[in-house]
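Those protein sequence lines, which keep their order, are chains A, B and C.
Residue numbers for the first sequence follow my numbering, so the first one is 1147 and each next one is one higher.
Residue numbers for the second sequence follow my numbering, so the first one is 79 and each next one is one higher.
Residue numbers for the third sequence follow my numbering, so the first one is -17 and each next one is one higher.
Just so it is clear, CB atoms sit at the ideal spot from N, CA and C, and this is done for glycine as well.
Everything below concerns the one structure shown next.
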Amino acid sequence: MFLAVVSWSVFGLVNADVPESSRVVNVANRKATSRRISSHHYNLGSRSCAASACHGSIKADETNDDLIRRDEYLIWQKSDPHETSFRALSSKLGLEMFHRLGVTDVSGRALPDKEDEYLAQYNNCLNCHATKIGSRERSYVMEGVSCESCHGSASEWRVTHYQESFSELSDHEKSSTGYRNLQDHDLVAQRCVSCHIGSDQANVNHDLIAAGHPALRFELTAYLDQYPKHWKHRGESHKTDGAEAWFTGQTVSATAALQQLLRRANTDSEHHAVWPELSEFNCYACHHQLSGDSWRMTTTFGSSSLKGNEWYVFGLYTIALQRKQTGDERAAMFCQKMDSLNEILGRGWSSDQQSLEASVREALGALERWLKSIDKSEFTAEFLIAAWSEAVSEDHGVLLESWDRATQAYLALYALNEESNDGDGAKILDNLESMRELLSFPNEGSRQLNSPRDFHGELKSNSPEDNSNSTNREKIRSLMNSILKALNSKHEG
Amino acid sequence: MPDTRAIKKISERFDVESTRYSNAIKATRKKLTRAAVVLTILLVAIIYAIEDEAAFQSKPVSAHHSGFARKCELCHESSFQLPKQILGVESARFEHACTECHEQHLSDHHVNARLKADCSTCHKEHSGNNSLVEVDDNYCVTCHLGLSESLASLESPKSVSFHNSIEAIESHPEIRIKQQLRPDEKNSLLESGENANIDPNGHFVDRTSLRFNHKVHMHSDGILVPPSHPKYSTSDNGRIQLSCKTCHISKSDHTGFEPISFEQSCVQCHELSFSQYLEESQKSLSEPIPHTTPELIRGLLRERLTNYYENNESNLSGTRPSRLPTKPQSRQGSTNRDKWMSEKLQAIEAQIFTSDQSSIESSASSSCQLCHKVSIERSESQGNPPLWSIEPPKIPEKWLQHARFDHARHQLMDCTDCHYTDDINDGRISAVDSTTSKHILLPSIKTCQECHKSKRHKKPAFRGRCVDCHNYHHALPERKDDTRLLELIQN
Amino acid sequence: MLAFLAMIWTWLLSARKRATKRQLGTVSFWLKGHIWIGLLSVPLVFFHTGFQFGGTLEQILMGIFLLVIASGLLGQLIQQYIPRFMTASLDKQAIPEQVDNVVSALQSKADGLVVAVCGTLFDSVESESPSQIDAIRRFHLTHVRPFMDIHPPSDSVLINSALAASVFATQKQSVSVAHRELLDELFDLCDERRQLLIQRKWHAILHYWTFLHIPISFSLLVLVIIHILTALYY
């Protein structure tokens, strides 16, 4: 009881400096712990984790006795792209960005009257790109996203976390020391999206993207698959593929995306956001080829001409649709709210911000209620595959209406396949590879394109029986169909 | 003859007063006596003034203590020491004063020795300029002539199978390592258990787990060496002749021989590398590995493999395309590296530790198993390579536990004059012909007795005194610091 | 230790010789003991020292000890043989303390004899033709009387008995028969005197050796005591 009181009060103190007005937002955000340096916990820097007897060994621990690999620091340092994030600020692209944002000159020096702005901008970048080491009064930055960015500020638990007594603490007690539990996909995803999608402190908006920042297209299983793993694979929670991982990624991403949208549509006096925030729309609504047969024109012209950014929500939407069929009312509500949101978004500048905000709020609320009501174990691979199959059962062109949809479908199928190599699995992988090629941003050796050049071509018909393969989109469609078929038979058989 | 003197009356001739006169002779004598006494005392005083207390020494102190000749109290700590010693007063023993500067103690030899003796029992001072260290055999024989009685009286904890009657070198018992034990004695391994085991015949055999064949190496036709050997020469068909001195290098201070060093003696022919296993491109990994423990070898191999991997990552690691179509193809680092390293490590270690390759002619390298006893401490489990262990050879640096043998003084002899063993079946096998490392190539005491005789022997021979080989103070405590000595010298 | 005891005994003996009050056995017994134990102490001392000479004190001690022994042996020899020799060769002995007295008496007797025959002893008249009486008188004054002194001149012809006999014989020939008896009497007196002289000499030898033996034995004693004390003390 006493401990509960203490930890609650500590918790309260930790969040004490969260502004009152955004608390509504932060209620949902609390799990995605902020990177803010609290007055109690502070970062020590990755070097303090990197003793060779701890996490800085040059060789991994080969036995199964130990929970850790011991060479985590080295892996992070050598292969983890997070390590380079701080240096990216001063890379060629980084400097160009500052210049394009109008705060520095060509060489990277701040412009005379823009120093404050530059600093503000720089600090803004640091929120995601660096780890602030040291206490609030004396903090400095020298490394990118390092250990404590994800695992929590270590000032209080560095010397206790390896002791037996620490493992006997409850989750609550552990987190009161600043230690962040990353034991399942949910917790991991929440930490990822706080930078990769955004939070109240992290906002990669269109201005930044225009300046050169890569667009944010996070997908949990794809990112995890590529991530250099500094942990020992232990059981389900460490799987990078599979139904649970994918679904969790989707739920967390959708939630975070809607929350970010809410922030960007905020109309209250203190946090009034400037709308429209262009990154909340489909990139290719504006960034498109001017040729006639672009898929954008076929799908968007006439109906809602702008599309909202479907990257984060579409997958979940598809699943929710399937759940609607099985009588999940909350899922149905979510779908409905999403539809109306998309409708408002589709109207572009002609919809007013307040109704947009209201709609977003409703959609977010509906999503949260739905997610609270579900039992994740019901969302098995079979169910999810069935959901995707169902989506194309009537109109198999629906997944190809935009590149985002198609790519989400591809990633979902990839994850649900779980990379099995046996028999059918190999064929599926081949198909996925082919899909990938057609969906990819081509790399022409010296330059990497920024959009899916090869995702084009007319869909002659949307009927399920149509197996034509003449255009790329048709090819993608048929690949998708065969993958779905194979996956279905795999899970039935 | 009758007295016919002319003087008639006694009274005329007799001076009756004479008895009243004092006897001049006696008076003079008395005076002389008194004078003599006074002179004597004076003489002693003069001598004392000149020589201090050293005047009262029976003989000068030994040369090493001559600096303290005037300071009797340094050794004679209590006054009236002799009567006190006779009465058994503890502080009158010559022990504490000696241990002020010297680190040797009576108990070095036996824990109860001090009950019967003190330092001065064997080290007789005031005998002129002799060496106190050259203790006469008689002192040793005092106890060792009838050892069981002495031991019994001193409550010895050791077994009494120690030979108990030694008078001179002629009656010296057999060297323990060469003793043939009776069946009932086999159970008591004695101290030799550190260096030797006992075979079923009751003989001591070398305990080392190292395999070495002297005969092969010392062959009269020479031994083949690889071309990389510094002494390789085609004119001798690639053979060189090894001698005892090639590997058994005597210490610079002539107190014995240096321990055999692999790096000095063996590595030129028995290099530890595993080049055959690697593909051409990986020969850079195949530098010889040092002669060290399996753990360190593993660490070294890992380091080399890691370095190799990192320098050649593009060739080694599998290309794993990123799933995301927005990203270009990229590789994954660590998991593949681990797998590759683990496989390689296992294979290389297996070759190093257990390969059968031993022939120099095939210019293959040697494996540890050629000479060592290699075993697996922990077998492979769940992808972890097995943990090898090599039994430490336990080659003793000193075989004779309680004696010292001065090789420098015997340098006119040939090594094989003494280094041989007597096998039951094959008779005398000299070191050069020994084929197994189980042989303990030490001679019996009889070999020593051929030249060394006690002084009672008629024919001229080398002396065999106890102190020539043995040291009473063989369990030396830590060396004392020299502060006391310096104090004495400086004052 | 035994050597020490022997020494103690020896010393006691000399004390015993002088302590006439408490007689623990005859002097001769003690004397014999003294000698034999003294001799016994020699090998004892040698064994004690281990046939080695030690330090300064020990060396002096040994020297003095040897001196004592040597002088003792010498004395023993003297004491053994001289008295007998004296008894055999000197028949006209006197008590040693009385010798001077006896010599004076002899001198006055000789004087008396000469006066009886020659009238006065000292005649200042120098006659031209010395008569026999004068010759005798002169002979007496020149040779006999000085010889009769307590300390005769060392060049006196009468010291040697053979020479004295020849001198007297010569003198007797130059005098008449009537005076020869006087000369014979004088000769006897001189003979007695001579014997007393010899006796005195031997007496000195007999006694003076102790002047060496006893003082140095005392100093030996002192040294031994010092030796013992220091040996025990250190």
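- Annotated as proximal: residue 217 of chain B and residue 200 of chain B, with beta-carbon spacing under 8 Å.
- Contact between the region 94 to 107 of chain B and the region 1577 to 1591 of chain A is absent: fewer than 3 CB-CB pairs across the two stretches fall below 8 Å.
- Interface flag for residue 372 of chain B against chain A is unset, since no Cβ pair is found closer than 8 Å.
- At least one C-beta of chain B is nearer than 8 Å to the C-beta of residue 201 of chain C.
- Using beta-carbon distances, residue 123 of chain B does not count as an interface residue toward chain C, since no partner is under 8 Å.
- For residue 203 of chain B, the number of other beta carbons within 10 angstroms of its own is at least 16, and it is reported as buried.
- When secondary structure is reduced to three states using DSSP, residue 530 of chain B falls in the strand class.
- DSSP, reduced to helix, strand and coil, places residue 339 of chain B outside both helices and strands of the structure shown, so it counts as coil.
- Counting only residues of its own chain and dropping the five nearest sequence neighbours on each side, residue 1544 of chain A has a CB closer than 7 Å to the CB of 1537, 1538.
- Just so you know, the alpha carbons of residue 498 of chain B and residue 334 of chain B end up roughly 18 Å apart.
- For the region 174 to 198 of chain C, the residues whose beta carbon sits under 8 Å from a beta carbon of chain B are, in order, 174, 189, 190, 192, 193, 196, 197, 198.
- The alpha-carbon separation between residue 1225 of chain A and residue 1196 of chain A amounts to approximately 16 Å.
- Taking 8 Å as the CB threshold, residue 114 of chain B lines the interface with chain C.
- Along the region 1542 to 1563 of chain A, going in chain order, the ones with a CB nearer than 7 Å to a CB of chain B are 1553, 1557, 1560.
- Burial of residue 1555 of chain A is indicated by the presence of at least 16 other C-beta atoms within 10 angstroms of its C-beta.
- In this structure the region 1242 to 1258 of chain A touches the region 1342 to 1358 of chain A; the number of beta carbon pairs closer than 8 Å is three or more.
- The beta carbons of residue 1495 of chain A and residue 1598 of chain A sit no closer together than 8 Å.
- Distance from the CA of residue 417 of chain B to the CA of residue 1291 of chain A, rounded to the nearest whole angstrom, comes to 27 Å.
- Within the model, the alpha-carbon separation for residue 1514 of chain A versus residue 1398 of chain A is close to 10 Å.
- In this structure, A:1559 is the residue among A:1635, A:1427, A:1559 with its C-alpha nearest to the C-alpha of residue 1465 of chain A.
- Bridge partners of residue 540 of chain B according to DSSP: B:530.
- Residue B:371 holds the alpha-carbon nearest to the alpha-carbon of residue 452 of chain B among B:509, B:501, B:421, B:371.
- The beta carbon of residue 1561 of chain A lies closer than 6 Å to those of 1367, 1387, 1392 in the same chain, with the five residues before and after it left out.
- Shown here, residue 1289 of chain A sits in a strand according to DSSP, grouped into three states.
- From the beta-carbon of residue 13 of chain C, no residue of chain B is found nearer than 7 Å; the closest lies around 17 Å away.
- The Cβ-Cβ distance between residue 85 of chain C and residue 176 of chain C does not fall below 8 Å.
- A straight line joining the alpha-carbon of residue 1209 of chain A with that of residue 1462 of chain A spans about 40 Å.
- If you compare the alpha carbons of B:210, B:243, B:345 with that of residue 219 of chain B, the shortest gap goes to B:243.
- Taking a beta-carbon distance threshold of 8 Å, residue 380 of chain B counts as an interface residue toward chain A.
- Fully contained in the region 1355 to 1424 of chain A are the following alpha helix (DSSP H) runs of length 4 or more, in chain order: 1366 to 1372, 1389 to 1410.
- Counting other Cβ atoms within 10 Å of its Cβ, residue 1222 of chain A reaches 16 or more and is therefore classed as buried.
- Between residue 111 of chain B and residue 197 of chain C, the C-beta gap is smaller than 8 Å, which places the two residues in contact.
- If you draw a straight line from the Cα of residue 166 of chain B to the Cα of residue 188 of chain B, it comes to about 20 Å.
- Here DSSP, grouped into helix, strand and coil, assigns residue 452 of chain B to strand.
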